[in-house]
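Residue numbers (this note's numbering): -5 to 914. The C-beta atom is built at its ideal place from N, Cα and C for all residues, glycine as well. What you are looking at is a predicted structure, and each value in this text was computed from that prediction instead of being measured. See below for the structure under consideration.
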Amino acid sequence: MEYNFNEVEAKWQKIWKENKTYSVKVEKDKPKFYVLDMFPYPSGAGLHVGHPLGYIASDIYSRYKRQKGYNVLHPMGYDAYGLPAEQYAIQTGQHPATTTERNIARYRQQLDKIGFSYDWDREVRTCEPEYYKWTQWTFIQLYKSWFNKKTNKAENINVLVDYFNENGSVNIDAACAEHEPFSANDWKNMSEAEQQSILMNYRLAYLSETHVNWCPALGTVLANDEVKEGFSVRGNHPVERKKMNQWFLRITAYSERLLDGLDKIEWSDSLKEIQKNWIGKSEGASVLFKVKDFEFNIEIFTSRPDTIFGATFMVLAPEHELTLKITTKEFENQVLSYINEAKKKSERERISEVKKVSGQFTGAYCIHPFTGENIPVYISDYVLAGYGTGAIMAVPAHDSRDYDFAKHFKLPIIEVVSGGNIEVESYDAKEGKLINSDFINGLEVKDAISKVLLKIEEVGIGKKQINYRLRDAIFSRQRYWGEPFPVFYKNGIPYVLDEDKLPLELPAVDAYLPTESGQPPLARAKNWQTSDGYPLECNTMPGFAGSSAYYIRYMDPRNNKALVAKDAVEYWRNVDLYIGGAEHATGHLIYARFWNKFLFDIGLVVEDEPFKKLINQGMIQGRSSFVYRVKGSNKFVSYNLRKDFDTMPIHVDVYIVHNDILDVEAFRNWNAEYKTAEFVLENGNYVCGWEVEKMSKSFHNVVNPDDLIEKYGADTLRLYEMFLGPIEQAKPWDTNGIEGVFRFIRKLWRLFHSRDNNFEVTEEKPTDAEFKILHKTIKKISEDIERFSFNTSVSAFMVCVNELTDLKCNKREILQPLVVTLSSFAPHICEELWHLLGNETSVVNAKFPDVIQKYVEDDVKVYPVSFNGKMRFTIELPANMKPSEVEAEVLKTKDAEKYLQGNKPKKVIVVPGKIVNIVV
RNA sequence: GCCGAAGUGGCGGAACUGGCAGACGCGCACGACUCAAAAUCGUGUGGUCUUACGACCAUGUGGGUUCAAUUCCCACCUUCGGCACCA
-5 MEYNFNEVEA KWQKIWKENK TYSVKVEKDK PKFYVLDMFP YPSGAGLHVG HPLGYIASDI
55 YSRYKRQKGY NVLHPMGYDA YGLPAEQYAI QTGQHPATTT ERNIARYRQQ LDKIGFSYDW
115 DREVRTCEPE YYKWTQWTFI QLYKSWFNKK TNKAENINVL VDYFNENGSV NIDAACAEHE
175 PFSANDWKNM SEAEQQSILM NYRLAYLSET HVNWCPALGT VLANDEVKEG FSVRGNHPVE
235 RKKMNQWFLR ITAYSERLLD GLDKIEWSDS LKEIQKNWIG KSEGASVLFK VKDFEFNIEI
295 FTSRPDTIFG ATFMVLAPEH ELTLKITTKE FENQVLSYIN EAKKKSERER ISEVKKVSGQ
355 FTGAYCIHPF TGENIPVYIS DYVLAGYGTG AIMAVPAHDS RDYDFAKHFK LPIIEVVSGG
415 NIEVESYDAK EGKLINSDFI NGLEVKDAIS KVLLKIEEVG IGKKQINYRL RDAIFSRQRY
475 WGEPFPVFYK NGIPYVLDED KLPLELPAVD AYLPTESGQP PLARAKNWQT SDGYPLECNT
535 MPGFAGSSAY YIRYMDPRNN KALVAKDAVE YWRNVDLYIG GAEHATGHLI YARFWNKFLF
595 DIGLVVEDEP FKKLINQGMI QGRSSFVYRV KGSNKFVSYN LRKDFDTMPI HVDVYIVHND
655 ILDVEAFRNW NAEYKTAEFV LENGNYVCGW EVEKMSKSFH NVVNPDDLIE KYGADTLRLY
715 EMFLGPIEQA KPWDTNGIEG VFRFIRKLWR LFHSRDNNFE VTEEKPTDAE FKILHKTIKK
775 ISEDIERFSF NTSVSAFMVC VNELTDLKCN KREILQPLVV TLSSFAPHIC EELWHLLGNE
835 TSVVNAKFPD VIQKYVEDDV KVYPVSFNGK MRFTIELPAN MKPSEVEAEV LKTKDAEKYL
895 QGNKPKKVIV VPGKIVNIVV
């Protein structure tokens, strides 16, 4: 009998659960470490082999840190609200809670089998009232807050109200929407409705009527990160622009802090770059251009004020508020029809027509602030209403879009920065000397920018300005399966519920669809109103609401007095290590940082950034197998013979292919269609082709972890997932290699057991050679874990076990520390061996062994000797030998003589402990 | 178009700070055990030339720096990811 992994793994999983081995609590005298996995959405399909990759890595790290003396928080829960469950509910009429519950049970079952060290007592689910109570609570705090740019943080809205009572809106520096300035007296004389509508411009959670991404197929609006190239990320449905009254979060208030914070956290450069681009900071100037014959000014934003003398026309977004006001009678019809055309275009059409130049002259002219020349004003949809001021000064010589526009409408092009050839194309680079530019002629771009800025401010026609691409986040969804807003309406004015009314529970509805009048599903709920009879908000919150602070709730998940207790958050602080996919770069990872910064401002959390270190696990791709069917027949040709026939590749289930050889009988039984299939074999086998693709049911390449665990055990699965390659790299899954890891597990077992499987470990003193193997392994493993190089750890364990097997070493002093070292990777077999070695407590709480320095330093070194950089032979010398002695020893050898061929070496380089290179 | 990451045997990958390229594993070949198979164990395994000793070539391509380059620099090619009328 060999190692019985099924029995052993089940046994320890049960004991760990019963003993609450992985339960943690605040221990003030112990250093904390918080390891978090990204919140999974429990889909109906269950886990495939790619999902647990990050979970295994974080589990190894957690177990390792625990053995290093840390108090490790390692929780898990479910992002349970979401579209798939609701879409399923619409189709089947089943309550999404039912399917969600079922999917969670399946997830949990799969997770449990892998042997994770989660503290399940801390599990949270976003769809449970005790959890979403705090999502709603945070919304109320956002609603009751405004962002003071002077203090650079969120403050209570009452501070603002007090200020208005004293001073009106004068000198307020806040993140807000534009409104007419008012005095203290004006404020006091305003009606309740007027005051509330002013405050709405300041609140961090606010209601606003603007253009939003409307997805008809999903029946809801979407945030910018949920839309890609005009289609919804979930479901790939077309999205259009629509003017609607929606809740927003004023995330733009935090643009600068979100940008600054990136310097303080250990995330990959690529991820930081994605966030930087998403925030899209751009420094420049806003400048007023007077409209000829009107009292209006057009305010434009430019990042290149140095090119102002090259501005030969102006462009407004079609929706710009001045468009119709300045259009002359002559052009009115054409302008109106252009605006209409632009309005009709879907977002998708607009994107696909990017290269087409279109626009319309308004008949109006601006007066250039420096030259006094008249320059024509156009409208065009290449200028976006939502960015900057929705208006630009066009400098065709130095902006490619303006260049195309000018060529198309035959407008003048004036070169103002030398260096390009504007006959051919625009010169957009920020390098060169200014020409044709009056007082900035001869300056370099950089100096010209600062000089123009000074002048603009001096003349009073503009100022330095910073713009961000980041937009406020649309926070309402016209869906059922999400958090209800703690909001009611009195005379059409929104108010938030008192905190003691929370949670506002999701009501039952008769169908998960909008009402006939187009109201969201919650409008179907009976008595959807406050106790005083005021109607409640019918929108629900988006997916990112529940996932923005879950890591905080894990610190104190059952608290019904607060989101988190002071002592818990002061101990656990923030996440030390966060592992998950890079696909959340512009969604969850920005929202959570924003949410955390807000909670930091109101004093609820103690760290400004939520996730100190973040590792992106690479995607596990599928490895699809193919058979080649001769067209129009039921005949299949082996891979290398397919060229002789006219064939069509067909995906075949990877479960009936082993080492690219098809199990022909299984194939016949796989699908009735192939019952009578004929095969053209090579060397008696049917060889399949293969390709790396996304892991997906339709490609028949999905591998389920449960099947592998049953066949090889959880420890083998864990090791193999790590062995596959670097955690951050995308890589294909190929089940074939798992046998090697499986052999390693059995080889390990045999170190402790005799031929007939009796446990046999001696108390004999190990030799220096054995100690060396052990301590070099311990050192390597701990270095590898610290730098998240788990694949090389696994091979180090293999090397170690191979070497100990060669020495037939079964000595306790070697094997016991080895078991501790390996236990974070393969917890089940190590726990079993640990107990067989006579230990009573769990290996989980054993101390990670210390490296004994003398065993990792070698006293002899095998020097490779190179001639002109080519390695020719090696020589064994004492490790502490001086370079000059090494040189002498090497030159004395017969081998050296041979390669020198009587020549004198020009130069001899000795790198102590590394290499000898002789230049001839 | 812009930004980021990556290109190493038949395959996954290793080489951490410029110092023996290919660790470890898969696959493959041969051998041992076996009536046989599986399992297990052993040996070999980048390419070309050579009976052999060995020599030469080789980390996407082409240059460069260096005694020495998978590693640093420049140009280009390919793949993947992100952004894309953002003024």
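Beta-bridge annotation (DSSP): VAL29 is paired with LEU571. C-alpha of LEU816 to C-alpha of TYR58: approximately 9 Å in a straight line. For VAL227, there is no enclosing alpha helix (DSSP H), as DSSP gives it neither H nor E. Contact annotation: VAL648 and PHE639 have beta-carbon atoms that are not nearer than 7 Å. When secondary structure is reduced to three states using DSSP, MET535 falls in the coil class, being assigned neither helix nor strand. Collapsing the DSSP output to three states places LYS495 in a helix. DSSP places MET865 inside the beta strand (DSSP E), whose first and last residues are 864 to 872.
Burial is judged here by how many other beta carbons sit within 10 angstroms of a residue's own beta carbon; GLU834 has fewer than 16 and is exposed. With a 10 Å radius around the Cβ and a threshold of 16 neighbouring Cβ atoms, LEU530 comes out buried.
With a cutoff of 7 Å on beta-carbon distance, TYR397 and PRO406 are scored as not near each other. Closest in C-alpha terms to LEU516, from the list ARG567, ASP504 and ASN634, comes ASP504.
The C-alpha of GLU870 is placed about 18 Å away from the C-alpha of LYS892. Using a C-beta cut-off of 8 Å, the stretch 71 to 79 makes contact with the stretch 114 to 121, since at least three inter-stretch Cβ pairs fall below that distance.
In the same chain as TYR28, and ignoring 5 residues on each side of it, the C-beta atoms closer than 6 Å to its own belong to LEU67, TRP566, VAL569 and ASP570, in chain order.
Using a C-beta cut-off of 8 Å, the stretch 267 to 278 makes contact with the stretch 459 to 477, since at least three inter-stretch Cβ pairs fall below that distance.
Excluding its 5 nearest sequence neighbours in each direction, HIS402 has C-beta neighbours in its own chain below 7 Å: VAL351, listed in chain order. In this structure, TYR125 lies away from ALA199, with their beta-carbon atoms at least 7 Å apart. Here the C-alpha atom of PHE782 lies approximately 41 Å from the C-alpha atom of ARG473. Contact annotation: PRO536 and ARG587 have beta-carbon atoms that are not nearer than 7 Å. Counting of Cβ neighbours within 10 angstroms places PHE283 among the buried residues, the total reaching 16 or more. Excluding sequence positions up to five before and after GLY436, its CB lies within less than 7 Å of the CB of LYS427 and LEU428, all in the same chain and listed in chain order. In the structure shown, VAL795 adopts helical secondary structure according to DSSP, grouped into three states. The beta carbons of LYS766 and GLN61 sit about 22 Å from each other, so the pair does not count as a contact at 8 Å. One Cα belongs to PRO899, the other to VAL859, and the distance between them is close to 13 Å. About 6 Å separates the Cβ atoms of PRO478 and LEU500, confirming a contact at the 8 Å cut-off. Residue state for PHE479 is assigned as coil, using DSSP reduced to three classes.
Short of 6 Å from the beta carbon of LYS144, and not among the five residues preceding or following it, lie these beta carbons of its own chain, in chain order: ASP167. For the 7 Å CB-CB criterion, GLN240 and VAL215 form a contact. Out of PHE141, LYS770, ALA79 and ASN230, the CA that lies nearest to the CA of LEU193 is found in PHE141. PRO210 is positioned such that its CB atom lies no closer than 7 Å to that of VAL446. Rounded to whole angstroms, the gap between the alpha carbons of VAL788 and VAL795 is 11 Å. In this structure, the CA atom of TYR(-3) is about 16 Å from the CA atom of LEU702. Separation of the CB atoms of LEU557 and TRP128 is rounded to 4 Å, and the pair is thereby assigned contact status at 8 Å. For MET238, the three-state secondary structure derived from DSSP is strand. Around the beta carbon of LYS404, fewer than 16 other beta carbons sit within 10 angstroms, so the residue counts as exposed.
The beta carbon of VAL697 is closer than 7 Å to those of HIS42, VAL43, VAL648, TRP727 and THR729 in its chain, skipping five residues each way along the sequence.
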